[in-house]
Each structure stands twice: as structure tokens, then as C-alpha cells.
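Undergrad: Got a structure for you, questions after.
In the UniProt record's numbering, the protein residues as written are 1 to 421.
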């Protein structure tokens with residue numbers, strides 16, 4: 001009888017979960033990877049789906065395809081409902097999955113900071129479904145506006161607000177501006193695009209892209225405003241319904257489109273494990289990424305809270321992938337009976353954000369760059385991280401064609417037509 005292999009269960013097929021599974025694929029262990037979707041999503045490019053640059057299969061890759069040659073890695077399509085830490089089981093609607101070691105890498109979801117009613121009146125930007133929903137909605141707004149006779153209603157339909165001045169909000173606002181003013185302006189002959197369309201970026205603090213140096217933040221605002229984006233700093237949202245966004249100072253913005261990119265929190269199921277969590281629902285881990293009082297349980301990426309240099313590590317892909325490396329090393333040490341455990345130290349790989357065609361900012365330490373060459377570097381880095389050669393080729397071609405011509409052929413409405421009228 002063959003010796004039973006240690007069973008490692010990974011929750012989440014995001015950057016951290018996929019990295020951990022790949023590192024374990026050649027080891028003498030059995031791995032079960034559980035996710036509610038059957039694909040790995042490249043979230044940094046969701047905004048390009050929402051603004052008709054890329055198609056969904058260019059930023060999503062089938063999870064099983066990663067492990068075609070690794071029989072010890074199995075994928076399970078399931079929604080995790082909870083955990084039984086005493087019996088070391090993950091609870092799903094179909095069965096309980098027993099584990100010897102557990103990696104929590106379930107990622108994050110949109111954070112409304114207690115204003116949960118906004119979930120019903122704004123558009124999040126964390127999932128593929130949400131990105132497609134934004135694309136369909138924006139295109140519907142233009143179609144409805146062109147047949148709308150009331151100028152106030154038409155203006156409201158064509159006012160698009162992005163809340164959050166981080167990379168997601170900045171990239172969404174910049175890309176949306178180019179979609180409207182470079183592409184759609186020549187196609188909607190019944191609209192006065194210059195007069196009727198408004199694109200607003202709202203940030204609660206006094207700066208966009210807080211991880212960037214001040215001069216690059218200023219450059220970002222300058223480029224956005226040159227693209228006719230109304231950038232409003234020190235502006236806080238307090239309420240929103242389907243027709244009106246209300247700000248803290250009492251003013252309102254008439255709009256049917258509010259895209260919420262103001263923050264993230266751990267997916268709710270993580271708090272069901274029973275370990276201590278922070279205000280964003282992330283499991284507080286020790287320096288080895290283990291969950292205190294739960295031997296053999298680790299948390300990485302967006303659902304783990306670990307402080308470095310006096311503040312929690314950012315919820316970005318490099319933190320998740322670097323954490324996966326240390327996590328796997330420590331699990332292998334436990335399996336081999338080694339007492340030493342490696343502590344996780346995040347090595348900053350720099351920050352970057354694109355503001356539109358041929359425009360980006362990037363920095364690492366004292367080194368920084370902006371403009372076209374920063375955009376080229378941004379493009380190379382993101383192409384390297386995409387899964388699959390086919391995807392790399394098609395995305396590179398689309399980006400090049402978009403740079404040269406501005407054409408976006410992804411403007412296809414795929415949801416059920418609106419028949420309320």
C-alpha cells in the first residue's frame with residue numbers, strides 16, 4: 001500500500017493561490033484548489049474589459065489548464081461556505097474537504113466602508129461579471145441618451161463617476177474618457193458629446209495614487225484633466241441612488257453611473273474560519289504567514305494582514321505571489337519535520353499605473369518614469385504576467401492597434417435589452 005501523501009487545500013485561484021499550487025505541483029503532496037470560478041482572473045486589466053479594449057478570454061484563463069501535466073493537483077469548482085477547524089475540513093455545498101495543511105488565498109471584494117446601500121446603486125470593479133456589467137451599462141447609456149428628448153435626463157445618463165483615486169479608479173477614468181472622446185464621439189450623431197458627457201473622478205483624500213511620488217501624482221491629475229476628466233480631491237461620498245450621488249458637503253451629482261473603486265476588503269467567508277481578523281476582514285498572521293493557534297493553516301494575499309515598516313502590506317498581486325513562495329517553503333518544512341520557519345519580508349517591485357494610450361507613471365524607490373516609455377514598460381510587465389502565449393500575442397496586438405488607431409471593437413452589448421419604455 002502506498003504511503004498517504006499530505007493533503008494541501010488552497011482556497012482561491014487568484015495570484016497567490018495559483019502560485020502556491022504551481023510550486024506544489026512537483027512535490028510529493030496532493031493538492032486541492034477550490035474556487036467559485038473555473039478561471040484565474042487577471043484583475044489589473046478588468047478596466048480594459050469594462051471599456052471595450054479587451055475580451056474576457058484575454059484576461060481570464062481556465063484554472064485546470066495550468067495543471068494539465070500535474071496529476072497531483074485537482075481543481076474543485078465550489079463556493080466555500082465555512083470551515084471546521086477542529087476536524088480540519090473545508091465546508092462546501094457538495095462535500096467537506098479534509099486537509100492536512102490549508103492556504104487561505106481567497107482574495108478580496110469591494111469595500112463600501114459601512115455604506116452597504118451603495119452596493120445596490122454603484123458598480124464594483126472586482127469581478128469579471130462586474131466589468132462586463134459596466135461595459136454593457138455604459139453602452140446602454142449612450143443608446144438611451146440618443147433617443148432621450150429631455151436634456152436633463154440625457155445629461156444624467158451621460159455623466160459617469162469613478163469613486164477612488166487608486167490605480168483602478170485612475171485607469172478606469174482615463175480609459176473611459178478615451179472610449180468616449182476618441183471613439184464614440186463620431187458614432188452617436190444625435191448627441192453633443194462635448195456638451196452632454198461628463199466624466200468625474202472622486203477621491204476622498206488630497207491625492208491620487210498615494211503610492212506614487214508627489215510629482216507623478218501631479219502628472220496623473222494633469223493628464224486626466226487633459227482628457228476632460230473632472231478630478232475632485234478631498235471629496236467624500238455619503239450616499240447614492242440610481243439617479244443621484246450625494247457628497248459629504250451636501251452637493252449632489254445627477255448620474256446613472258457610479259463606478260466604485262474606493263477600496264477592498266477580504267471576502268466574507270474568511271472571517272468564518274474563526275481566527276482574529278482586522279477591520280477589513282483579513283486574517284492576522286504571524287511573520288511566517290501562519291494563522292496563530294491554528295497549526296498548518298496559512299493566509300496570503302488580500303485576505304492576510306501582516307504589518308511591515310509599521311503598516312499592513314498592500315493588497316496587490318506581488319504581495320500575494322511573494323507570500324505564496326514563503327508559505328509553500330514553510331509547509332514543506334513542516335512536512336519534512338524541520339523546526340525552522342522562514343519569515344516573510346515583502347520586496348517592493350515598484351508601482352505603476354496607466355492613464356491612457358501612451359501615458360503611464362511608474363516608480364520604485366528614487367527611480368521614476370512617466371509618459372510613453374512608462375506606458376511601454378507597463379505594457380511589457382502586464383504581458384509577462386498574463387497566462388498563455390495566445391493571450392500575450394492577441395493582447396499585444398490589440399494594445400498596439402489601439403495605440404495607433406484608438407479603435408475599440410469590444411463595444412458589444414451582451415445583456416438582455418432594456419424594455420422598460
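C-beta atoms are modelled at their ideal positions from N, C-alpha and C, and glycine is treated no differently.
At what residues does the alpha helix (DSSP H) containing residue 144 begin and finish?
TA: 128-146
Undergrad: Could you tell me which residues DSSP pairs with residue 297 in its beta bridges?
TA: Per DSSP, 102.
Undergrad: Please list the segments of the beta strand (DSSP E) lying wholly inside the region 318-393, counting only runs of 3 or more residues, in order along the chain.
TA: 351-356, 359-364 and 367-370
Undergrad: Assess contact between the region 190-210 and the region 156-166, defined as three or more Cβ pairs (one per stretch) separated by less than 8 Å. Is contact present?
TA: As far as the Cβ criterion goes, the region 190-210 touches the region 156-166, which means the pair count is three or higher.
Undergrad: Check whether the Cβ of residue 244 sits closer than 7 Å to any heavy atom of the ligand GTP, and report yes or no.
TA: The model depicted lacks the ligand GTP and carries no ligand whatsoever.
Undergrad: Counting only the same chain and skipping the five closest in sequence on each side, list residues whose C-beta sits under 8 Å from that of residue 293.
TA: 275
Undergrad: From the DSSP output, in three-state form, read off residue 182 for me.
TA: helix
Undergrad: Confirm, please, whether the CB-CB distance from residue 128 to residue 56 is below 8 Å.
TA: Yes.
Undergrad: Report back the beta-carbon spacing between residue 15 and residue 321 to the nearest angstrom; my notes put them in contact at under 8 Å.
TA: 5 Å
Undergrad: Please state the DSSP three-state secondary structure of residue 66.
TA: Three-state DSSP puts residue 66 in a helix.
Undergrad: Closest to residue 139 by C-alpha separation, out of 257, 112 and 232, would be which residue?
TA: 257
Undergrad: If you draw a straight line from the alpha carbon of residue 104 to that of residue 38, how long is it in whole angstroms?
TA: Rounded to the nearest whole angstrom, the C-alpha separation of residue 104 and residue 38 is 17 Å.
Undergrad: From 76, 40, 111 and 43, pick the residue whose C-alpha is nearest to that of residue 95; which is it?
TA: 76
Undergrad: Exposed or buried, what is residue 397 when buried is set at 16 or more other beta-carbons lying within 10 Å of its beta-carbon?
TA: exposed
Undergrad: Where does the unbroken alpha helix (DSSP H) through residue 220 begin, and where does it stop?
TA: Its alpha helix (DSSP H) spans residues 214-226.
Undergrad: Below 6 Å CB to CB, which residues in the same chain sit around residue 421 once its five sequence neighbours on both sides are set aside?
TA: Residue placement at residue 421 cannot be trusted, given a pLDDT of 44 that sits under 50; what the coordinates show is reported in the next sentence. Excluding sequence neighbours, residue 421 sits near nothing in its chain.
Undergrad: In this structure, does DSSP put residue 125 in helix, strand or coil?
TA: coil
Undergrad: Just the C-alpha distance for residue 154 and residue 254, rounded to the nearest angstrom, thanks.
TA: Separation of residue 154 and residue 254 (C-alpha to C-alpha, rounded to the nearest whole angstrom) is 10 Å.
Undergrad: Since residue 312 sits in a beta bridge, which residues does DSSP pair it with?
TA: 307
Undergrad: What is the rounded straight-line gap between the Cα of residue 185 and the Cα of residue 193?
TA: 6 Å
Undergrad: Once you ignore the five residues that flank residue 423 on each side, which residues in its own chain have a CB closer than 7 Å to its CB?
TA: Residue 423 cannot be examined here, being either before or after the span of the chain that is shown, 1 to 421.
Undergrad: So is residue 357 buried or exposed if we call it buried at 16+ other beta carbons inside 10 Å?
TA: Burial call: buried.
Undergrad: Check whether the Cβ atoms of residue 83 and residue 73 sit closer than 8 Å, and answer yes or no.
TA: no
Undergrad: Apply the 10 Å Cβ neighbour rule to residue 408 and answer buried if 16 or more other Cβ atoms are within range, or exposed otherwise.
TA: buried
Undergrad: Below 8 Å between beta carbons: does that hold for residue 264 and residue 110?
TA: yes
Undergrad: Using alpha carbons as the reference points, say which of 316, 296 and 326 lies closest to residue 337.
TA: Answer by Cα proximity: 296.
Undergrad: By the DSSP assignment, the beta strand (DSSP E) with residue 73 in it spans what residues?
TA: 73-77
Undergrad: Would you grab the beta carbon distance between residue 344 and residue 326 for me? Rounded to a whole angstrom, and I think it's under 8 Å.
TA: 4 Å
Undergrad: Less than 8 Å between the C-beta atoms of residue 80 and residue 269, yes or no?
TA: Going by C-beta atoms, residue 80 is nearer than 8 Å to residue 269.
Undergrad: Alpha carbon to alpha carbon, how far is residue 17 from residue 411? Give it in angstroms, no decimals.
TA: 32 Å
Undergrad: So, does the region 272-288 touch the region 300-307, judging by three or more C-beta pairs under 8 Å?
TA: Output reads yes: the region 300-307 touches the region 272-288.
Undergrad: Kindly indicate the opening and closing residues of the alpha helix (DSSP H) around residue 194.
TA: 193-196
Undergrad: Which residues does DSSP pair with residue 30 in a beta bridge?
TA: Paired residue(s): 7.
Undergrad: Residue range of the alpha helix (DSSP H) that residue 24 falls in?
TA: 15-24
Undergrad: According to DSSP, is residue 455 helix, strand or coil?
TA: Examination of residue 455 is not possible in this model, given that the chain is present from 1 through 421 alone.
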